[in-house]
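Undergrad:
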Amino acid sequence: MQRKCVIHLILLWFIVGTNGCVAEEYHCNVEYYSHVVSFSNVVVEGSAMPCFSCSNSDNIADLIFKMSLLEEVPKQLFATFPNLVVANFTRSGIKRINRYSLNRAVHLKNLYLKSNELQELNADCFYGAAALLDLDLSFNNISSIDRMAFNTLSKLLVLWMSGNKLRSLDSRVFEPLQSILLFKHFTRKTIEYRMLQ
């Protein structure tokens, strides 16, 4: 019995490794500025836990995924990059945001999930991202939003929701968004300019 347990633990250690990763390890590409990095051609299926690495990861503030296919926002991303301010997952094939995906995203201010495959927003799906100011959920397939989906986003200023399939909403969905600004016919640059004023 003990021998089987030891063998299972050794196998688990080989699969998971010392860093908690299962599956692939991805290395960043440094963009024009040292605090901006990108990951390209990342493929994460299901709840796999890949590793993301980059030199000087504590100083990374902006992160972009390019030509990638992720089923969900990777949970371990914000543990690896604890000071992320901007996370851009545009066109990354994301189908869901799990409750703990953003658990460590304490400094995140801008989250771009535009043009993905989200169909619903569950309760507490943005838990951990309490500093979020700008959330882009436009051009997904969102048809359902739980009334508690935005309950931790009291600082949110801008919410982009165009191009979704919303039919009806509980009137309490937007209650936690006390600071949100409503804009009509404004571009992102105009809104960013007004946010800085």
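Positions in the sequence shown are counted from 1; adding 95 to them yields my numbering.
In this text, a Cβ means the ideal position worked out from N, Cα and C, and glycines have one as well.
If I follow the unbroken alpha helix (DSSP H) through Leu264, where does it start and stop?
TA: Leu264 -> no alpha helix (DSSP H), and no H or E assigned at all.
Undergrad: Here's a check: name, in chain order, each residue in its chain whose Cβ is nearer than 6 Å to the Cβ of Ile159, leaving out the five neighbours to either side.
TA: Ser133 and Asn183
Undergrad: Using only the alpha-carbon positions, how far apart do Asn372 and Leu208 sit?
TA: One cannot answer for residue 372 here, as it falls past the ends of the chain, which runs 96 to 292.
Undergrad: DSSP on Leu172, reduced to helix/strand/coil?
TA: helix
Undergrad: Do you know how far the Cα of Ser263 is from the Cα of Ile155?
TA: Their Cα atoms are separated by approximately 39 Å.
Undergrad: What is the DSSP secondary structure of Ser196, counted as helix, strand or coil?
TA: In the three-state reduction of the DSSP assignment, Ser196 falls in the coil class, being assigned neither a helical nor a strand state.
Undergrad: Is the beta carbon of Pro177 within less than 6 Å of some heavy atom of the ligand GDP?
TA: No copy of the ligand GDP appears in this structure; indeed no ligand is present at all.
Undergrad: How would you write the range of the beta strand (DSSP E) that Val253 sits in, first residue to last?
TA: Membership of Val253 in the beta strand (DSSP E) is indicated by the continuous run Val253 to Trp255.
Undergrad: Verify whether the separation of the beta carbon atoms of Cys123 and Cys146 is less than 7 Å.
TA: no
Undergrad: Which of the three DSSP states, helix, strand or coil, is assigned to Asp241?
TA: coil
Undergrad: Going by C-alpha distance, which of Phe176, Ser249 and Met162 is nearest Ala200?
TA: In this structure, Phe176 is the residue among Phe176, Ser249 and Met162 with its C-alpha nearest to the C-alpha of Ala200.
Undergrad: Assuming Ser163 and Asn136 form a contact by the criterion Cβ under 8 Å, report the distance between their Cβ atoms to the nearest whole angstrom.
TA: 6 Å
Undergrad: Of all the options Ala225, Asn217, Asp219 and Glu212, which has the alpha carbon lying nearest to the alpha carbon of Lys260?
TA: Glu212
Undergrad: What residue range is occupied by the uninterrupted beta strand (DSSP E) comprising Leu206?
TA: Asn205 to Tyr207
Undergrad: Check whether the Cβ atoms of Leu203 and Leu227 sit closer than 7 Å, and answer yes or no.
TA: Cβ distance < 7 Å, so Leu203 and Leu227 count as in contact.
Undergrad: Express the C-alpha separation of Phe234 and Gly258 in angstroms, rounding to a whole number.
TA: 4 Å
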